[in-house]
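Visitor: Below you'll find the structure I mean.
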Amino acid sequence: MTENVADFAGTLTVEQFKGGQSNPTYRLVTPSRSYVLRRKPPGGLVPGAHAVEREARVQQALGAQGYPVARIHGLCTDDATIGTWFYVMDMVEGRIFWDATFPDVGRDERPAYFDEMNRAMAQLHSYDPEEIGLGDYGKPGNYFARQIGRWTRQYLADELAGRNEDMDALISWLPENIPPGDETSVVHGDMRCDNMIFHPTEPRVLAVL
């Protein structure tokens, strides 16, 4: 940490965050500030899963555009350090709302929070991957066709679930009715209120997780 994280100093206390993260996540506490460490889980992993290196790369690219994400301090791809790959980022202090109805926010104030969520989502979707250094990230083009093909195969392979006439009709209809155009932009994949850190008192997103 001293060698790779700017301004790191002092003793270090490690606390694991509770919850079912696919990548174990820890709070690193020093006398002056806190950081967050995310690592791959130990053991044999499915190829392509738990890709902390992709998380770090995307957050760095978005942060360079002024998008609200935690600052990345470094990525370690040496298993010998703590047993698996990991990265370290800033600890962003704020509020996380676990209930999408925002029950702890006054009724008249809630629209501002929903507007802010939509603003953060729209800003993310406005980025062209090529322009922010993510042109080689993922597979460009034919997104809808690939999604339809993937979920069709999943459906047909699930013998226990059986078959559904409406699904069978969709499988025939969807490939013939893919919308024209193939614009590519950045999307989150799991955009919801508990993947956002809000300002302690304002309807403002400080970081998207």
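According to my numbering, the sequence shown is numbered sequentially starting from 1233. Backbone N, C-alpha and C define an ideal beta-carbon position, used for all residues, glycine too. Here the structure is a predicted model, which is why all the values come from computation and not from measurement.
Let's see if you can read the secondary structure: which residues bound the beta strand (DSSP E) around Ala1293?
Guide: Position 61 of the sequence shown, counted from the first residue, corresponds to residue 1293. Note, Ala1293: premise wrong, no beta strand (DSSP E); alpha helix (DSSP H) at Val1284 to Ala1296.
Visitor: Have a look at Ala1296 and Arg1289 and give me their C-alpha separation to the nearest angstrom.
Guide: Walking along the sequence shown from the start, residue 1296 turns up at place 64. Walking along the sequence shown from the start, residue 1289 turns up at place 57. Those two C-alpha atoms are separated by around 11 Å.
Visitor: From which residue to which residue does the beta strand (DSSP E) around Ala1439 run?
Guide: If you number the sequence shown from 1, residue 1439 lands on position 207. Here the beta strand (DSSP E) through Ala1439 covers Val1437 to Val1440.
Visitor: Report the option in His1305, Asp1322 and Gly1394 whose CA atom is closest to the CA atom of Tyr1267.
Guide: The count along the sequence shown starts at 1 and reaches residue 1267 at position 35. Selected option, being the one with the closest Cα: Asp1322.
Visitor: Going by DSSP, what residue range makes up the beta strand (DSSP E) through Gln1248?
Guide: To locate residue 1248, count along the sequence shown from 1; it is residue 16. Looking at the DSSP string, the run of the beta strand (DSSP E) that includes Gln1248 is Thr1245 to Gln1248.
Visitor: Here's the rule I'm using: 16 or more other beta-carbon atoms within 10 Å means buried, otherwise exposed. How should Thr1316 be labelled?
Guide: Against the sequence shown, residue 1316 aligns to sequence position 84. Per the 10 Å Cβ criterion, buried.
Visitor: Let me check you understand the geometry: is the CB of Trp1405 closer than 6 Å to at least one non-hydrogen atom of the ligand NAD?
Guide: You won't find the ligand NAD in this model; it holds no ligand whatsoever.
Visitor: Below 8 Å on the Cβ atoms is my guess for Gly1428 versus Ala1352; work out the distance and round it to an integer in Å.
Guide: Taking the first residue of the sequence shown as position 1, residue 1428 is located at position 196. Taking the first residue of the sequence shown as position 1, residue 1352 is located at position 120. The amino acid at residue 1428 is misidentified as Gly; the sequence shows Met. Rounded, the Cβ-Cβ distance is 7 Å, consistent with contact.
Visitor: Going by C-alpha distance, which of Asp1340, Thr1313, Val1320 and Tyr1345 is nearest Arg1327?
Guide: Counted from its first residue, the sequence shown places residue 1327 at position 95. It is Tyr1345 whose Cα lies nearest to the Cα of Arg1327.
Visitor: Taking Val1282 as the reference, which of Phe1240, Ser1254 and Ser1264 has the closest Cα?
Guide: One-based indexing of the sequence shown puts residue 1282 at position 50. Correcting the residue identity first, residue 1282 is His in this sequence and not Val. His1282 has its Cα closest to that of Ser1254, out of Phe1240, Ser1254 and Ser1264.
Visitor: Buried or exposed: which applies to Leu1366, given that a residue is buried once 16 or more other Cβ atoms fall within 10 Å of its Cβ?
Guide: The residue given as residue 1366 occupies position 134 in the sequence shown. With 16 or more Cβ atoms within 10 Å of its Cβ, Leu1366 is classed as buried.
Visitor: Bridge partners of Val1320, per DSSP?
Guide: Within the sequence shown, residue 1320 is the residue found at index 88, counting from 1. DSSP, once it has assigned bridges, lists Leu1269 and Gly1306 as partnering Val1320.
Visitor: Got a sec, what are the start and stop residues for the alpha helix (DSSP H) Phe1430 sits in?
Guide: Within the sequence shown, residue 1430 is the residue found at index 198, counting from 1. Phe1430 -> not in any alpha helix (DSSP H); beta strand (DSSP E) instead, spanning Met1428 to Phe1430.
Visitor: Quick one: Cα of Pro1361 to Cα of Asp1368, how far?
Guide: Here residue 1361 corresponds to residue number 129 of the sequence shown, with the count starting at 1. Here residue 1368 corresponds to residue number 136 of the sequence shown, with the count starting at 1. Answer to the nearest angstrom: the Cα atoms are 8 Å apart.
Visitor: Could you confirm whether any beta carbon from chain B is found closer than 7 Å to the beta carbon of Gln1248?
Guide: In the structure shown, chain B does not exist; there is a single protein chain.
Visitor: Measuring straight from C-alpha to C-alpha, what distance separates Leu1458 and Gly1421?
Guide: One cannot answer for residue 1458 here, as it falls past the ends of the chain, which runs 1233 to 1441.
Visitor: On the three-state DSSP scale, how would you describe Leu1260?
Guide: On the sequence shown, residue 1260 is found 28 positions in, with the first residue counted as 1. Three-state DSSP puts Leu1260 in a strand.
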